[in-house]
Amino acid sequence: MTRINSRIRTVLGSTTLAITARAKALKAEGKDVVNFAAGEPDFDTPDHIKTAAVEAINTGFTKYTPSSGAEDLRLAIAAKLKRDNGLDYKAGEIVVGCGAKHAIFNAIMVLCDEGDEVIIPAPYWVSYPEMVKLAGATPKFVMTRREDGLRITPQALEKAITPKTRVLILNSPSNPTGMVYSRKELEAIAQVCLKKDIWVISDDIYEKLIYTNEPFTSIGSLNKDIFQRTITVNGVSKAYAMTGWRIGYAAGPAEVMGYMKNLQDHSTSNPTSISQKASLAALNAPEDGVKKMCQTFKARRDLMTSLVDGIPQISYIKPDGAFYLFCDFSKFGPCADVAKRILDEMSVAVIPGDGFGAEGWIRLSFSTSEERIREGINRIRTWAGKNI
Ligand code: PMP
Ligand code: GLU
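Residue numbers (the numbering used here): 338 to 725.
Structural data, given as structure tokens:
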């Protein structure tokens, strides 16, 4: 057997990407698959963004840019972070990468060393633990409780912190639960992080998709001290339906960002120049389209929850953000088997919760039309009725 790098060897493939690819392949074969696996908006990228990309090609903006991203884009990101989040970053404190995934990966690589621990509240997005392992650090999972709405409490956080703890990864709104931390909850979490002197990586990628009236809070905006211990991550994938364009970014203290830039210098160099121009257009345009998309998602969430209410064997946590309904399917057995059977027997693609650190749960994405939501939940109801 070929000898493989010991860190890479421990890394698991992504369940979200694998099942999404399988659902797309079945669809291409002509199968009538309902796709509740999708981790991306089903909307097309808006025209003004596409036009900016075409213009970038036609005007020759097709060469290397600075590896941390073109100056105009970093200025637009700084303006966005100020305008939307009350965060005061300079362009030099921002590194643009190939998606928020890349930005989080680089932040973990730069902050963590062999032997460090990284706190990951569970359920979590599939990629965090694997990124931590790639940095040689150890993921330390803190299982959240249903009665806390699957949120980490300051008490649970403090209990999990050891002298080896380096970073807390926060994701609000959350993939896979749709949970959103309130400002008050974040204040309590920030206090613990400051007391214990640990860093926060704040994954804000679903910021624009919130269905309550409380405005989104990014933890770094709470006070100067937590600002200096936070790497804020965001991107254009979810807000502007631009998942394939691969632009995300991290913002944080200049020293850390300098090392993130160096890492990019020797790995990816700059993210695609054309996508950078498209992202600039996305960030500088009025947000009407984003708001409309958010309203559509809210209506779909309400539809999906009301339909699942009609299936007594399945319960869920009502999501306040993102586009996922996280459901307890534990009555039906191991969730990997359940997801496989629902796809094989009913042609509905869903993501099992084990990859998110939540055995027994299933993630249903409502990033599809109301008609498909009705059809898919109908099929799941039929399946549930036969299998209990
Ligand atoms: N964080 C979370 C929680 C996500 O769900 C995703 C979606 N893939 C990302 C980060 C990364 O998004 P992207 O790399 O497309 O910007
Ligand atoms: N974030 C999305 C998901 O969780 C996209 C797939 C991925 O990158 O993991 O499904």
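Ideal placement from N, C-alpha and C gives every residue a C-beta, glycine not left out.
Helix, strand or coil: which one does DSSP assign to residue i?
{"i": "Val537", "result": "strand"}
{"i": "Asn607", "result": "coil"}
{"i": "Phe663", "result": "strand"}
{"i": "Met594", "result": "helix"}
{"i": "Lys501", "result": "coil"}
{"i": "Ser616", "result": "helix"}
{"i": "Tyr465", "result": "helix"}
{"i": "Thr705", "result": "coil"}
{"i": "Asn571", "result": "strand"}
{"i": "Gly429", "result": "helix"}
{"i": "Arg738", "result": "Coverage of the chain is limited to positions 338 through 725, which leaves residue 738 absent and any answer about it impossible."}
{"i": "Ser652", "result": "strand"}
{"i": "Val455", "result": "strand"}
{"i": "Ala472", "result": "coil"}
{"i": "Arg716", "result": "helix"}
{"i": "Gly557", "result": "helix"}
{"i": "Pro378", "result": "coil"}
{"i": "Arg340", "result": "coil"}
Cutting at 6 angstroms between CB atoms, please list the residues of its own chain near residue i, excluding the five before and the five after it.
{"i": "Gly589", "result": "Ile568"}
{"i": "Pro383", "result": "Gly626"}
{"i": "Arg700", "result": "Pro513, Tyr661, Phe663 and Ile688"}
Which residue from the options puts its Cα closest to that of residue i?
{"i": "Tyr548", "options": "Gln632, Ser612, Arg488 and Ala619", "result": "Gln632"}
{"i": "Gly581", "options": "Lys400, Phe398 and Ala437", "result": "Ala437"}
{"i": "Asn443", "options": "Leu471, Pro460, Val463 and Pro458", "result": "Leu471"}
{"i": "Thr609", "options": "Thr399, Gly429 and Asn621", "result": "Thr399"}
{"i": "Gly454", "options": "Val447, Pro476 and Cys435", "result": "Looking at the sequence provided, one finds Glu at residue 454 rather than Gly. Taking only the C-alpha atoms, the option nearest Glu454 is Pro476."}
{"i": "Val687", "options": "Ser706, Tyr661 and Gly670", "result": "Tyr661"}
{"i": "Ser704", "options": "Ile356, Thr347, Ala374 and Ser351", "result": "Ala374"}
{"i": "Ala407", "options": "Ala428, Asp639, Gly397 and Thr396", "result": "Ala428"}
{"i": "Pro500", "options": "His439, Gly452 and Asp540", "result": "Gly452"}
{"i": "Glu392", "options": "His439, Ala497, Ile611 and Phe380", "result": "Ile611"}
{"i": "Leu680", "options": "Ala360, Val348, Leu349 and Met630", "result": "Ala360"}
{"i": "Asn715", "options": "Ser684, Ala695, Phe553 and Ile538", "result": "Ser684"}
{"i": "Glu377", "options": "Arg583, Asn621, Trp698 and Lys723", "result": "Arg583"}
{"i": "Leu593", "options": "Met630, Val645 and Ile538", "result": "For the record, residue 593 in the displayed sequence is Val; it is not Leu. For Val593, the nearest C-alpha among the options comes from Ile538."}
{"i": "Glu696", "options": "Pro460, Asn607 and Leu494", "result": "Pro460"}
{"i": "Ala415", "options": "Glu524, Asp665, Asn621 and Ala676", "result": "Asn621"}
Spatial neighbours of residue i within its chain, please: CB distance less than 7 angstroms, with the 5 preceding and 5 following residues excluded, ordered by chain position.
{"i": "Asp691", "result": "Cys672 and Ala673"}
{"i": "Leu410", "result": "Val433, Gln613, Ser616 and Leu617"}
{"i": "Val463", "result": "Ser351, Thr352, Thr353, Gly692 and Phe693"}
{"i": "Thr402", "result": "Asn607, Ser610 and Gln613"}
Residues in the same chain with beta-carbon distance under 8 angstroms from residue i, minus the five sequence neighbours each way, listed in chain order, please.
{"i": "Thr339", "result": "none"}
{"i": "Tyr596", "result": "Val447"}
{"i": "Glu551", "result": "Val517, Ser519 and Arg520"}
Over what stretch of residues does the alpha helix (DSSP H) that includes residue i continue unbroken?
{"i": "Arg482", "result": "Premise fails: Arg482 is in no alpha helix (DSSP H) and is neither H nor E."}
{"i": "Val627", "result": "Asp625 to Val645"}
{"i": "Ser343", "result": "Ser343 to Arg346"}
{"i": "Ala415", "result": "Glu408 to Asn422"}
{"i": "Asn443", "result": "Ala437 to Leu448"}
{"i": "Val391", "result": "Asp384 to Asn395"}
{"i": "Val517", "result": "No alpha helix (DSSP H) contains Val517, which DSSP labels as neither H nor E."}
Can you tell me where the beta strand (DSSP E) holding residue i begins and where it ends?
{"i": "Ala588", "result": "Gly585 to Ala588"}
request  = Take every Cβ of the stretch 634 to 653, pair it with every Cβ of the stretch 410 to 423, and state whether three or more of those distances are shorter than 8 angstroms.
outcome  = These segments do not touch.
Given 8 angstroms, three or more beta-carbon pairs between the stretch 473 to 486 and the stretch 531 to 540 = Counting C-beta pairs with one atom in each stretch, the stretch 473 to 486 and the stretch 531 to 540 have fewer than three that are closer than 8 angstroms, which means they do not touch.
message = Within 8 angstroms, do at least three Cβ pairs link the stretch 563 to 578 to the stretch 363 to 370?
response = No, the stretch 363 to 370 does not touch the stretch 563 to 578.
query = Is the stretch 443 to 452 close to the stretch 596 to 611, with three or more CB pairs under 8 angstroms?
reply = With three or more CB-CB distances shorter than 8 angstroms, the stretch 443 to 452 counts as touching the stretch 596 to 611.
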